[in-house]
Structures are given as structure tokens and as C-alpha cells.
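Here my numbering is used: the first residue of the sequence shown is 608, the next is one more, and so on. Heads up, the beta-carbon is just placed ideally off N, CA and C, and yes, glycines get one too. Quick notes on the structure that follows.
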Amino acid sequence: MVIESSPKVRLTPEEYLAREREAETKSEYFDGRVYAMAGATETHNLIVTNLVMNLGLQLKKRPCKVYPSDMRVRSRAYRSYTYPDVTVVCGKAEFEDDRRDTLLNPTVIIEVLSPSTAGYDLSRKFDHYRSLESLREYVLAAQEWMTVYQYVRQPDDRWLLTAYQGRRAVVKLESIDCELPLADIYDKVEGVEGDDIDRALSRLKEERAPYGA
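Set out below in C-alpha cells:
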């Protein structure tokens, strides 16, 4: 969940970054406005942990790095700073400055959807991410049902959507040559429904998007 911290106060990217580096809690930044990030649920944390562990093992001896949600990502085109739940970069990681805490060239970004942010993750936030030339795949894992959505950048810059549902499904991340079985993504996660893909996607689109989206 995210809440606008100071609706009447607008900051430059430089002002936001200076404040963020001194803050005790995380906030995201979108074109002058700052949004505080609330804590995550157990389900959210379990899914993120499973994703980081699985990707880390598969990429262990390869020139790729997996970052959890403390790695900030910047989109210059949209003047935004965000904290994706999981970020993968292959090749040389590029950072905004010598602090090496703001990544510029992610290869894969994964978000775990929550009821309060699902609409935004599927719309305006995706706009921010796909403006990153390095990004090849954008993946969203639902919390309330065992469904994963994968957007893959095509040669003509279109994004191809594939939805996966159920324990036998396997997400193939071709850009980093990794596989994510849904049984592993949702390991130890309780109360997840085996919802119909079309119904799940429809429910996601109906969620109210934050930040005025």
C-alpha cells in the first residue's frame, strides 16, 4: 500500500533522493510527489522470498544479479523512483551515482500484486518501467489467487502478455534463461485460490489505482 506523504509539497528528483537516503522508511517518487510505502503482508513477503531464492539459485554462476525490494530503480522518462519487489540485471549494472543504490538498467522486474496497488502496477507503473530500454520482461504475481502475468518486450517494442495459472504452470523467463514454477513461487503460501485466469485479470483491472491513476 502507498500513501501520498505531502500532497502540497513537490520535490525535485535531487531533493527526493537526498531525503530518501536519510529516511528510516521507504517512499517512492513520481514527478515531484512522494508516496510512503506501507509494510507488506506475510503472503507478499513469502512470494518475494520464493522468487529471490529461486532466481538466485538459477543465476548463481552467471553474470546476473538479483535484488530484493530495497534496490531503487529510476525511470528518467517519467521522473520516477520505485522499489520493485524483485529486480534482475544481467551484464554490468548501471547506477545513478557512486552510492550504487539506484539502478538504471534492469533486465527483469517482478511485482507482487496487492489489492491497493494492482491497478497501478498494471497501468501507469508499467508505463514507467517499459520506458527503460534495458527492460525485457515485466512479471506480476497475484497474492489472492495462483496466477502470474508475464509481459515480454517484442522486437517492434510491443509487449506480449502471457498468463499462467495453477501449480503445474511454469513461467519461462527467456531473457535470463530461467524458469519459475508456480508451485515454487507460492510455496508455503496459504489460502491462495486457483482462480480462473480471465476472471482474475478482470478483477485486477477493476482494482482502484493509487496516485490518481
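Give every residue of the same chain whose Cβ lies closer than 6 Å to the Cβ of residue i, excluding the five residues on either side of it in the sequence, and list them in chain order.
{"i": "S756", "result": "It is worth fixing the name first, because residue 756 is Tyr in this sequence and not Ser. Result list for Y756: L747, A770, in chain order."}
{"i": "I716", "result": "P691, T694, Y736, Y745"}
{"i": "R743", "result": "T714, R760, S782"}
{"i": "Y793", "result": "M753, V799"}
Hey, quick one: how far does the beta strand (DSSP E) through residue i stretch, first residue to last?
{"i": "L787", "result": "785–788"}
{"i": "Y636", "result": "634–637"}
Under 7 Å Cβ to Cβ from residue i, same chain only, skipping five residues before and after it: list those, please.
{"i": "L653", "result": "K795, V796"}
{"i": "C697", "result": "P670, C671, T714, I783"}
{"i": "H651", "result": "V719, S721, Q750"}
Per DSSP, which one or two residues make a beta bridge with residue i?
{"i": "V799", "result": "Answer is none; V799 lacks a bridge partner."}
{"i": "V777", "result": "P788"}
{"i": "L768", "result": "Y758"}
Along the chain, where does the alpha helix (DSSP H) that runs through residue i open and close?
{"i": "Y566", "result": "Since the first residue shown for the chain is 608 and the last is 820, residue 566 is missing from the structure and cannot be characterised."}
Among residues of its own chain, excluding the 5 on either side of residue i, which ones have a beta-carbon nearer than 8 Å to its beta-carbon?
{"i": "S687", "result": "E635, Y636, F637, D638, R681, H735"}
{"i": "T648", "result": "S721, Q750"}
field: the stretch 654–664 / the stretch 635–645 touching (three or more Cβ pairs under 8 Å)
entry: no
field: Contained alpha helix (DSSP H) runs [length at least 4] in the stretch 700–765, N- to C-terminal order
entry: 725–729, 731–737
task: May I have a chain-ordered list of the beta strand (DSSP E) segments no shorter than 3 residues that lie completely inside the stretch 641–706?
output: 671–674, 679–682, 687–689, 693–697
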